[in-house]
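Step one of this worksheet: look at the structure below.
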Amino acid sequence: MADNKPHILVFPFPVQGHINPALDFSKCLASNGLKVTIILTTMVSKSAQVPSNSSINVEMISDGSEEVKEQESIEGFFKRFRAAASQNLAKFIQEQRETCPAKVLVYDSTMPWALDVAHQEGLLGASFFTQAIGVCAVYYHMYTGLIKFPYEDSEVLLPSMTPLGVNDLPCFSFSPDSNNSVLRHLADQFLNLEEADWIFVNTFDKLEYEVLNWMTSRWPFKTVGPTFSLTYPGKELTNKRTHKFNLFEPNYEESMKWLDSREIGSVVYVSFGSLVSLKEEQMEELAHGLMMSNCYFLWVVRASEENKLPQNFTSMASEKGLVLNWCPQTDVLDHRAVACFMTHCGWNSTLEALSSGMPLIAMPQWVDQPTNSKLIEDEFKVGLRVKADENGLVRREEIEMCIKQVIQGEKGKKLKESAGKWKELAKEAADKGGSSATNVEDFLKFPPSEFTSNHLTLASFVTTLGRLPSREYASPNPDSHYSYSFLHHHHHVDDQHGS
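Residue numbers (the UniProt record's numbering): 1 to 499.
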């Protein structure tokens, strides 16, 4: 029997940091009367799926990973993933027509080819950016060729952004060829963006106000973040512990019991997310730095990383620290005992910390994290960035010093004050009537059954603004032979959409 609810497909890139914002956004849509199906691919563990009692449907399509027998190159991974996933995405959309035809595909911006699939199958497409809008701006300037890679300049000056050094730009910690492949892939988020019907970004207006204004003068970006803070009917009844997608099982009871026994503002929380893998020497320096700080610490060390810890460290540190394989991060950040968060600066972790009013110690590793750490320290003013030595190693003395500065020093008080301000502004944006919540409501005002006749697409957006001067940019990807016309105008997008 067909489901009469309007049907939206959501297709995140299959890693935890991209799935969770898409999942939060999906729950918000589903709670407002839409049928939402989130599409995962086979490179995601089948044991790590959305709970069965979720308000959204979860479906799996093949990305070809199950047929890979040997180590792939980065380029080989992207080629294989796109070929298999695009074919199976189209097949899935076709199968849905028989029961509950989908009208819109919300796709991860790192998969621009998904928009082509959507349009070929008669769906509208919404690009969903999971990074900071400042990072999006960096990728855009890579796309236009203003920023060359390998990086050639010691400092990069971009409109509406603080100057960026080479160590502040996105990187990938493999060979130069792999680095270039990944950065080209990320820059190509802008490959066909002018053809998207909506563009969403997981940030909030006041957090990145200037660069957001600059970017929305080129495309109608709509902020919908922090997605995990978006309010919707029934959210207050949602169990936070089952609300997230987790590749690993969080140890809720042990972490909360341990934190409950600590004094207010006495604990350093340390986590580097689901993907970062520190070198053994860096793990040793971090372990000693935590001990030297003489502060209590809760350190998330994934099971695959435990063998890098100093011998007998867990038992030696038991009086001061707790080491767990995974924990419920939002609960930890909201706990009164936690004083600061040492982080890899993934964007989800950054938004969660800001939403909790938590000062940060920034220890970025790769991709967008160096740029995020620059924003954390110089723009948001909520954290300190550790300094590595000439070999790229962050020494124990540096770690000890940063912890003490944030927890005990005057600097820490200022960071805490600034973090508290962002906590209020994040809540304001996501609550009903806030900028992000309003952008979601505007999306919901166009029922999918009427999308084709009522929705203001980018094409009509161009027409609405009139015949504006355009400028040609070429993709830096040598395999691409397209050029694109991007609008240069100075109208705020909200003024064009109306209510």
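Note that beta-carbon positions come from the ideal geometry of N, C-alpha and C, so glycine has one too.
- Contact check between the stretch 221-231 and the stretch 16-35: three or more CB pairs, one atom from each, fall below 8 Å, which counts as touching.
- By the Cβ-count criterion, aspartate 188 is buried, with 16 or more other Cβ atoms from all chains shown falling within 10 Å of its own Cβ.
- Segment contact: the stretch 270-283 against the stretch 300-308, three or more CB-CB distances shorter than 8 Å; contact assigned.
- Exclusion of the five residues before and after threonine 350 leaves Asn372 as the residues of its chain whose Cβ lies within less than 6 Å of its Cβ.
- The C-alpha of glutamate 210 is placed about 16 Å away from the C-alpha of tryptophan 422.
- Distances from the CA of valine 166 to each of Glu155, Glu281, Ser217, Leu375 were compared; the closest alpha carbon is that of Glu155.
- From the listed residues Phe297, Cys327, His288, Trp326, the smallest Cα separation to asparagine 312 is found for His288.
- For leucine 40, the three-state secondary structure derived from DSSP is strand.
- Counting the other Cβ atoms within 10 Å of the Cβ of glutamine 71 gives fewer than 16, which makes it exposed.
- Taking C-beta atoms as the reference points, aspartate 108 and phenylalanine 13 count as a pair closer than 8 Å.
- Bridge partners of lysine 222 according to DSSP: Phe200.
- Out of Phe25, Lys404, Ala303, the CA that lies nearest to the CA of glycine 265 is found in Lys404.
- It is roughly 14 Å from the alpha-carbon of threonine 99 to the alpha-carbon of leucine 9.
- Contact between the stretch 312-332 and the stretch 434-446 is absent, with fewer than three C-beta pairs closer than 8 Å.
- In this structure, the straight-line span from the alpha carbon of glycine 321 to that of leucine 193 is close to 47 Å.
- Taking C-beta atoms under 8 Å as the contact rule, isoleucine 93 and alanine 84 fail to qualify, at a distance of about 15 Å.
- Bounds of the alpha helix (DSSP H) holding cysteine 402 are 396-408.
- The DSSP assignment places 74-96, 113-120, 133-144 as complete runs of the alpha helix (DSSP H) inside the stretch 62-146, in order along the chain (cut-off: 4 residues).
- Within its own chain, the residues whose Cβ lies closer than 6 Å to the Cβ of asparagine 32, once the five positions on either side in sequence are excluded, are Leu444, listed in chain order.
- Per DSSP, valine 440 lies in no beta strand (DSSP E); the unbroken alpha helix (DSSP H) holding it starts and ends at 435-444.
- The DSSP-derived three-state label of phenylalanine 228 is helix.
- Isoleucine 56 has no beta-bridge partner at all, per DSSP.
- Taking each of Phe78, Leu169, Leu123 in turn and checking the Cα distance to proline 370, the smallest one comes out for Leu169.
- In the DSSP assignment, cysteine 340 falls within the unbroken beta strand (DSSP E) covering 338-343.
- Judged by DSSP secondary structure, tyrosine 296 falls within the beta strand (DSSP E) whose first and last residues are 296-300.
- Going by C-alpha positions, proline 359 is about 24 Å away from glutamate 253.
- Of the residues Ser356, Gly346, Asn348, Trp347, the one whose Cα lies closest to the Cα of cysteine 340 is Ser356.
- In the DSSP assignment, isoleucine 8 falls outside any alpha helix (DSSP H) and within the unbroken beta strand (DSSP E) covering 7-11.
- Boundaries of the beta strand (DSSP E) harbouring alanine 362: 360-362, taken from the DSSP string.
- Ranking Lys432, Ser304, Met291 by CA distance to the CA of methionine 401 puts Met291 first.
- With a threshold of 16 other beta carbon atoms within 10 Å, arginine 336 falls short and is exposed.
- With fewer than 16 other CB atoms across the displayed protein chains lying within 10 angstroms of its CB, arginine 97 is exposed.
- If you look at leucine 384, you'll find it in the beta strand (DSSP E) that goes 383-385.
- In this structure, leucine 286 sits away from valine 267, with a CB-CB distance that is not shorter than 8 Å.
- One Cα belongs to leucine 425, the other to lysine 91, and the distance between them is close to 42 Å.
- By the C-beta density criterion, proline 364 is buried, having at least 16 other C-beta atoms within 10 angstroms.
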